[in-house]
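Q: Here you go, one structure.
Protein chains: 2
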Amino acid sequence: MSKKVKTLVDPTTEEKIKEAARKLFTQKGFAAVKTRDIASEAGINLALLNYYFRSKEKLFEIIMVENLQQFLQGLSLISNEENKSFDDLIEKFAGSYTTWLTKNPDIFFFILSEIKNDLARLDMKLDSLIPERSGMRKKIQEMMKTEKMTDQDIFHLMSNMIGLIIAPFILKHLLQGISDGSEKQFNERLEERKKLIPLWLKAMKGVK
Amino acid sequence: MSKKVKTLVDPTTEEKIKEAARKLFTQKGFAAVKTRDIASEAGINLALLNYYFRSKEKLFEIIMVENLQQFLQGLSLISNEENKSFDDLIEKFAGSYTTWLTKNPDIFFFILSEIKNDLARLDMKLDSLIPERSGMRKKIQEMMKTEKMTDQDIFHLMSNMIGLIIAPFILKHLLQGISDGSEKQFNERLEERKKLIPLWLKAMKGVK
DNA sequence: GTCTATATTCTGATAGAC
DNA sequence: GTCTATCAGAATATAGAC
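Line by line, the protein sequences are chains A and B.
According to the working numbering, the first sequence is numbered sequentially starting from 1.
According to the working numbering, the second sequence is numbered sequentially starting from 1001.
Below, the structure written as structure tokens:
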């Protein structure tokens, strides 16, 4: 209890370094960040970074894994909820992943650009990072039978769902140039999409 | 003519360096690439890089601008074709941008991850890079009137169209894990999507 | 634990021979 | 134009005082 309070009020040096590293690595990637930037951002001495985390690589790996966990958490949370209809699953997914992306756009782009460099190394770790991973696979296979979906259907449905969810974040600057460009309006549009995406996906269902 | 042939058969040193730089910068970004990597990839000496391109920054800027032009070329080509219906425009766009992405996935991810670092510097150059840029704006505004679309409609339509097009490329590894994972099948699915996306967008039109 | 000073390696760029 | 050798500065990491 006291530790929690202390953490909120007065972060330890280790925490300060980690938060600075998280911010910079997530925004700019491994190669573009210098250890001096991290030390400066954390308001500590350069030597302390190595004292606490041994090396830039070790520190980066911690941040990368945590970012990946963050990113995958939403997926597994949703897939673990039981007894849902397929449509309900899609509705939940569109809502919660849009919300997550609103809060963590940087992590999303980090995953997109940085993970591929370490994909081989990471793929082995994925199962330990997400114990629910095989559960997700099963869930999808179950649904393929229940809904009588083919591989082809799954490919297009997943592409469509994810595509519709992430597009506004990828196009943000471009889209803000079209309308009034305010953050408030952008977020309103996202709220609209949370409700529209499930409806859209239903409407697309009949198309062949 | 003789120059063109010579270029194909026996690239000059300058060309070799530029191609090596294009490959590495596009795949890994500015900071992650070392000048020695480029020299090695090009099969030439490190000093020649500076001899031909003065500095790593200058070389990168050339590649960045060319990548950006490549990326935007498709957009302006389509927007410049005259006398098309709105539906026709969408159909053309889905087809040609999917084709482009198939050929240039690296450039797409490069734009996504690298451009934001230089956005301010680039924004000023954009108009000179794409003379058709203001033409595109007009095209959109025309269509808003003709089709009686609001800002809101445009926001969602653009998000939906782009989202449906790019999703398979972003999800490629994940999606290949679901089905047989062959490149051939992935490309077949892309061909399906070229035809389906316009139909899907029509089906979504009625949803409110 | 934290700091200053320094060692070590890496990296971009150049000088000068050919 | 091309190469080898080398410089100057940056960047990571450590030694050692406090």
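Backbone N, C-alpha and C define an ideal beta-carbon position, used for all residues, glycine too.
For clarity, every value in this text was computed on a predicted model and none was experimentally measured.
#1: Select from Lys184/A, Asp180/A, Asn160/A, Ile166/A the residue whose C-alpha is nearest the C-alpha of Trp1212/B.
#2: If we define contact as Cβ-Cβ less than 8 Å, is Ser241/A a contact residue for chain B?
#3: On a CA-only basis, which of Ser128/A, Ile165/A, Met143/A is nearest Leu68/A? Give me that one, please.
#4: Tell me whether the beta-carbon of Leu174/A lies closer than 8 Å to the beta-carbon of Ser1113/B.
#5: Considering only residues of the same chain and omitting the five flanking positions on each side of Arg1138/B, which have a CB-CB separation below 6 Å?
#6: Would you list, in chain order, the members of the stretch 1150-1170 of chain B that have their beta-carbon closer than 8 Å to a beta-carbon of chain A?
#7: Determine the DSSP secondary structure at Ile1063/B, reduced to helix, strand or coil.
#8: Along the chain, where does the alpha helix (DSSP H) that runs through Ser1096/B open and close?
#9: For Leu1199/B, which residues in chain A fall below 9 Å Cβ to Cβ?
#10: Name the chain B residues whose beta carbon is nearer than 7 Å to that of Ala32/A?
#11: Around the C-beta of Val1033/B, are 16 or more other C-beta atoms found within 10 angstroms, so that it is buried, or is it exposed?
#12: Restricting to runs no shorter than 4 residues, where is the alpha helix (DSSP H) found entirely within the stretch 135-178 of chain A?
#13: Answer with buried or exposed for Leu1077/B, where buried requires no fewer than 16 other C-beta atoms within 10 angstroms of its C-beta.
#14: Looking at C-beta atoms only, is the number of pairs between the stretch 1008-1025 of chain B and the stretch 183-197 of chain A that lie closer than 8 Å three or more?
#15: Taking the straight line between their C-alpha atoms, what separation do you get for Glu147/A and Lys208/A?
#16: With a threshold of 8 Å, are at least 3 pairs of Cβ atoms found where one atom belongs to the stretch 1156-1171 of chain B and the other to the stretch 154-173 of chain A?
#17: So which residues of chain A does Ser1128/B contact, with C-beta pairs closer than 7 Å?
#18: Name, going along the chain, the residues of the stretch 61-88 of chain A whose beta-carbon falls closer than 7 Å to a beta-carbon of chain B.
#19: Is Gly43/A buried or exposed, if buried means 16 or more other CB atoms sit within 10 Å of its CB?
#20: Assign Glu1081/B to buried or exposed, taking buried as 16 or more other Cβ atoms, counted over all protein chains shown, within 10 Å of its Cβ.
#21: Rounded to whole angstroms, what is the Cα-Cα separation between Lys28/A and Thr12/A?
#22: I need the straight-line Cα distance from Ile1162/B to His156/A, nearest angstrom please.
#23: Does chain A have any CB closer than 8 Å to the CB of Ser1182/B?
#24: Under 8 Å, do Ala203/A and Met1204/B count as touching if we go by C-beta distance?
#25: With a threshold of 8 Å between beta-carbons, can Leu48/A be considered close to chain B, or not?
#26: List the endpoints of the continuous alpha helix (DSSP H) containing Arg1036/B.
#27: If you measure from the beta carbon of Ile38/A to each beta carbon in chain B, is any gap under 8 Å?
A: According to the structure shown:
#1: For residue 1212/B there is no data in the structure shown, the boundaries of chain B being 1001 and 1208.
#2: This structure cannot settle anything about residue 241/A, because the visible part of chain A is limited to 1 through 208.
#3: Taking only the C-alpha atoms, the option nearest Leu68/A is Ser128/A.
#4: Against a cut-off of 8 Å, the Cβ pair of Ser1113/B and Leu174/A comes out as no contact.
#5: Rather than Arg, the amino acid found at residue 1138/B in this sequence is Lys. If we look at Lys1138/B and ignore the five residues flanking it on each side, it has no Cβ neighbours.
#6: Residues are counted here when their Cβ sits less than 8 Å from a Cβ of chain A; for the stretch 1150-1170 of chain B these are Asp1151, Gln1152, Ile1154, Phe1155, His1156, Met1158, Ser1159, Asn1160, Ile1162, Gly1163, Leu1164, Ile1165, Ile1166, Ala1167, Pro1168, Ile1170, given in chain order.
#7: Note: Ile1063/B maps to helix in three-state DSSP.
#8: Going by DSSP, Ser1096/B is part of the alpha helix (DSSP H) stretching over 1086-1103.
#9: Going along chain A in sequence order, the residues near Leu1199/B (Cβ under 9 Å) are Met204, Val207, Lys208.
#10: The contact set of Ala32/A on chain B, defined by CB atoms closer than 7 Å, consists of Ala1031 in chain order.
#11: So Val1033/B counts as buried.
#12: The stretch 135-178 of chain A is shown to contain whole alpha helix (DSSP H) runs of 4 or more residues at 151-170, 172-178, in chain order.
#13: That one is exposed.
#14: They do not touch, by the three-pair rule.
#15: Whole-angstrom Cα-Cα distance: 16 Å.
#16: Yes, since at least three Cβ pairs between the stretch 1156-1171 of chain B and the stretch 154-173 of chain A fall closer than 8 Å, the two stretches touch.
#17: Those within 7 Å of Ser1128/B in chain A number zero; the least Cβ separation is about 18 Å.
#18: Taken residue by residue, none of the stretch 61-88 of chain A has a beta-carbon sitting less than 7 Å from a beta-carbon on chain B.
#19: Counting C-beta atoms within 10 angstroms of its own C-beta, Gly43/A has fewer than 16 neighbours from the protein chains shown and is therefore classed as exposed.
#20: Answer is exposed; the Cβ neighbour count stays below 16.
#21: The straight-line gap from Cα to Cα measures roughly 24 Å.
#22: Cα to Cα, the separation comes out at about 15 Å.
#23: Taking Cβ atoms only, chain A never reaches closer than 8 Å to Ser1182/B, which makes this a no.
#24: Yes, these two residues count as a Cβ contact at 8 Å.
#25: No, Leu48/A does not count as interfacial toward chain B.
#26: Residues 1035-1042.
#27: Output row for Ile38/A: interface = no.
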